[in-house]
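Q: Residue numbers for the sequence shown follow the numbering used here, so the first one is 9 and each next one is one higher. Here it is: the structure, laid out below.
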Amino acid sequence: MPAPRIEDGELVLQVPAEGIDPSWLYRPLDNIGIRAHPGVTSVRIESTAGWKWKFEDAAFFARIERLFSASERRVAVRGLPSDLQKLVELAKGTPSTHHDPVVSRSPVVRLGLLAGSGAATIAAFVRLIGEVVLLAPRFFAGHARIRRNELLDVLAESGTRALLIVAVVNVLMGAILAFIGAVELRRFGAGIYVADLVGIASVRELTPILTAIVLAGRTGASFAARISAMQGNEEIDALTTLGVSADEFLVLPRVMALSLLMPLLYVYGSAFALMGGACVATPLLHISFDAYRVETQQAIASANFAIGGLKAVVFGALVALIGCHCGLRAERSAAGVGSATTTSVVTSIVAIIAIDAVFAVCANALDV
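Okay, structure coming up:
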């Protein structure tokens, strides 16, 4: 390794393409030219594009961090890949886990800790979104490091096994809308417009929301529980040690599966919602099924169906991301699994409603 140099208070280490020599793990750091210089405030790692790091690299950089920690100065090591940084934390024996803020006597300090914890959670979620977006081309190109059997299991869990509950929820919702609309509109002799009410409300708003909430309570919670259990069993740490990204191996297939299947479930749920409305409205209002069908087609022929389909894609990705995020940040205990599952469901439902409000504002601004 080239001799370390100091630039503007930074200790710069140039890592060769072949990585760290295992013999450096046993040699004194002074012999390699690495010392706790008084003026050093951070350590910057420079590496070539072909650097294939191994667990020896993590152990070596953990030694460097311990060297500066012994000098009672906080020195950050910058320039490490995210997965290698996690492995360094494991090598130091201080794995990064999420903890609730410590309760303080001072309300101001307590509020500050809660705000800092919330900001860290949001930053971690945004980072997860970025990782998935960057990994998406690898998935579609067939180069992602995922297991095909697990992907098929996720597709089955997210799709075929959710068909019954999605159908029941949407057909009942359509029937309720038709009954309420029929009671009010037939007073004015406008019973036929129940078809417009059920069609627009179902296709544009309620079907994507209800289907997403069903998947949040069923599939998203399952994602959070499974990944948090893996976190507690140190399976994710094992993946990191082997150089396998948990974001790619665990999160990517789940996000892609739910994003691709949610629009199909949306179409399926919309059909049952319209069917439920027709089964209630036609006998209650004494109108023919053909007249109801034609009125429904005219009501949803505009951008309503496209808006609902776009919502379905966004909601599917959102539910999967929140479930995986809560699982990855769960505490390493049995209680952490339950907490991650509960947090996943509650956060997903709130996020679905909030994003739907954003869609409503944007649609109103665009006059669609």
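Think of the CB as a built atom: it goes at the ideal place given N, C-alpha and C, for glycine as much as any other residue. These numbers were taken from a predicted model, which means no experiment stands behind them.
Give the straight-line distance between the Cα atoms of P145 and D255, rounded to the nearest whole angstrom.
A: Residue numbering aside, residue 145 sits at position 137 when the sequence shown is read from its first letter. Residue numbering aside, residue 255 sits at position 247 when the sequence shown is read from its first letter. Straight-line Cα distance between these residues: approximately 14 angstroms.
Q: Here's a check: name, in chain order, each residue in its chain whose Cβ is nearer than 7 angstroms to the Cβ of Q93, leaving out the five neighbours to either side.
A: By one-based count along the sequence shown, residue 93 stands at place 85. Once the five neighbours on either side are set aside, Q93 has no close Cβ partner at all.
Q: Within 10 angstroms of the Cβ of V124, are there 16 or more other Cβ atoms? Answer buried if so, exposed if not.
A: Here residue 124 refers to the residue found at position 116 of the sequence shown. Looking at the sequence itself, residue 124 is Gly, so the reference to Val does not match. It is exposed - the Cβ of G124 has fewer than 16 other Cβ atoms within 10 Å.
Q: To the nearest angstrom, how far is it from the Cα of A232 to the Cα of M264?
A: Indexing the sequence shown from 1 puts residue 232 at position 224. Indexing the sequence shown from 1 puts residue 264 at position 256. Using only the alpha carbons, I get a separation of about 16 angstroms.
Q: At the level of alpha carbons, what is the spacing between V353 and L21?
A: Mapped onto the sequence shown, residue 353 falls at position 345. Mapped onto the sequence shown, residue 21 falls at position 13. V353 and L21: Cα-Cα distance of roughly 45 angstroms.
Q: Assuming the contact rule is C-beta atoms closer than 8 angstroms, G317 and G182 should be a hit. Round their C-beta distance to whole Å, please.
A: Sequence index remark: in the sequence shown, residue 317 carries index 309 (1-based). Sequence index remark: in the sequence shown, residue 182 carries index 174 (1-based). About 18 angstroms separates the two Cβ atoms, so there is no contact after all.
Q: Between which two residues does the beta strand (DSSP E) harbouring R146 extend?
A: Here the question's residue 146 lines up with position 138 in the sequence shown. It is not in any beta strand (DSSP E) - R146 instead sits in the alpha helix (DSSP H) that spans P115 to A149.
Q: Starting from R52, trace the beta strand (DSSP E) both ways and give me its first and last residue.
A: Position 44 of the sequence shown holds residue 52. Per DSSP, R52 belongs to the beta strand (DSSP E) from S50 to S55.
Q: Hey, out of G225, P291 and T168, whose CA is closest to L272's CA?
A: Reading the sequence shown from its first residue, position 264 is the one you call residue 272. Closest by alpha carbon: T168.
Q: Is any heavy atom of the ligand NAD found at a distance shorter than 7 angstroms from the C-beta of M270?
A: Ligands in the displayed structure: none, and consequently the ligand NAD is not present.
Q: Can you give me the C-alpha to C-alpha distance between A190 and F323, rounded to a whole angstrom?
A: In the sequence shown, the residue the question calls residue 190 occupies position 182. In the sequence shown, the residue the question calls residue 323 occupies position 315. Going by the C-alpha atoms only, they are around 31 angstroms apart.
Q: Rank T219, V141, R153 and R194 by C-alpha distance to the C-alpha of S253 and give the top, closest one.
A: Here residue 253 is taken as the residue at index 245 of the sequence shown, counted from 1. Closest option to S253, Cα to Cα, is R153.
Q: Using the C-alpha atoms, what's the distance from T349 back to G225?
A: Numbered from 1 along the sequence shown, position 217 holds the residue referred to as residue 225. Numbered from 1 along the sequence shown, position 341 holds the residue referred to as residue 349. Cα to Cα, G225 sits roughly 9 angstroms from T349.
Q: If contact is defined by three or more beta carbon pairs under 8 angstroms, each pair taking one atom from either stretch, is the region 201-215 in contact with the region 293-307?
A: A contact exists between the region 293-307 and the region 201-215.
Q: Could you give the residue range of the beta strand (DSSP E) that holds L318?
A: Mapped onto the sequence shown, residue 318 falls at position 310. Not the beta strand (DSSP E): L318 falls in the alpha helix (DSSP H), residues N312 to L336.
Q: Check this for me: beta carbons of A162 and P291, under 8 angstroms apart or not?
A: On the sequence shown, residue 162 is found 154 positions in, with the first residue counted as 1. On the sequence shown, residue 291 is found 283 positions in, with the first residue counted as 1. Ala is not the amino acid found at residue 162; the sequence shown has Val there. Cβ atoms of V162 and P291: not closer than 8 angstroms.
Q: What would DSSP say about L19, mapped onto helix, strand or coil?
A: As a first step, residue 19 is located in the sequence shown; it is residue number 11 there, counting from the start. In the structure shown, L19 sits in a strand (DSSP, three-state: E or B).
Q: Cβ atoms of L266 and I235: under 8 angstroms apart, would you say?
A: In the sequence shown, residue 235 corresponds to position 227, counting from 1. In the sequence shown, residue 266 corresponds to position 258, counting from 1. Against a cut-off of 8 angstroms, the Cβ pair of L266 and I235 comes out as no contact.
Q: Output yes or no for whether 8 angstroms exceeds the beta carbon distance between I357 and I221.
A: Along the sequence shown, one-based indexing puts residue 357 at 349. Along the sequence shown, one-based indexing puts residue 221 at 213. Yes; because the gap between Cβ atoms is below 8 angstroms, this pair is in contact.
Q: So what does I357 bridge to, in DSSP terms?
A: For the purposes of this step, residue 357 is identified with residue 349 of the sequence shown, where counting begins at 1. Answer is none; I357 lacks a bridge partner.
Q: Can you tell me the Cβ-Cβ gap for T219 and G138, rounded? I've got them flagged as a contact below 8 angstroms.
A: As a working mapping, residue 219 is identified with position 211 in the sequence shown. As a working mapping, residue 138 is identified with position 130 in the sequence shown. The Cβ separation is near 27 angstroms, so there is no contact.
Q: Just curious, the alpha helix (DSSP H) that G240 is in, first and last residue?
A: Within the sequence shown, residue 240 is the residue found at index 232, counting from 1. Element bounds for G240: A229 to G240.
Q: Whole-angstrom Cβ separation of V202 and F313, contact assumed at under 8 angstroms?
A: As a working note, residue 202 is residue 194 in the sequence shown. As a working note, residue 313 is residue 305 in the sequence shown. Between F313 and V202 the Cβ distance is about 19 angstroms, and since that is not below 8 angstroms, they are no contact.
Q: Could you check the C-alpha separation between L185 and V321 for me, to the nearest Å?
A: Numbered from 1 along the sequence shown, position 177 holds the residue referred to as residue 185. Numbered from 1 along the sequence shown, position 313 holds the residue referred to as residue 321. L185 and V321: Cα-Cα distance of roughly 24 angstroms.
Q: Distance, Cα to Cα, A368 vs T215?
A: For this step, residue 368 is matched to residue 360 along the sequence shown. For this step, residue 215 is matched to residue 207 along the sequence shown. Approximately 15 angstroms between the Cα atoms of the pair.
Q: Just curious, the alpha helix (DSSP H) that A246 is in, first and last residue?
A: Here residue 246 refers to the residue found at position 238 of the sequence shown. E243 to T249 is the span of the alpha helix (DSSP H), which, as asked, contains A246.
Q: Does the beta-carbon of L250 have 16 or more other beta-carbons within 10 angstroms, so that it is buried, or is it exposed?
A: Your numbering for residue 250 matches position 242 in the sequence shown. Classification of L250: exposed, given that the 10 Å Cβ count is below 16.
Q: Using three-state DSSP, classify V211 as helix, strand or coil.
A: Translated into positions along the sequence shown, residue 211 becomes position 203. V211: helix per DSSP, three-state reduction.
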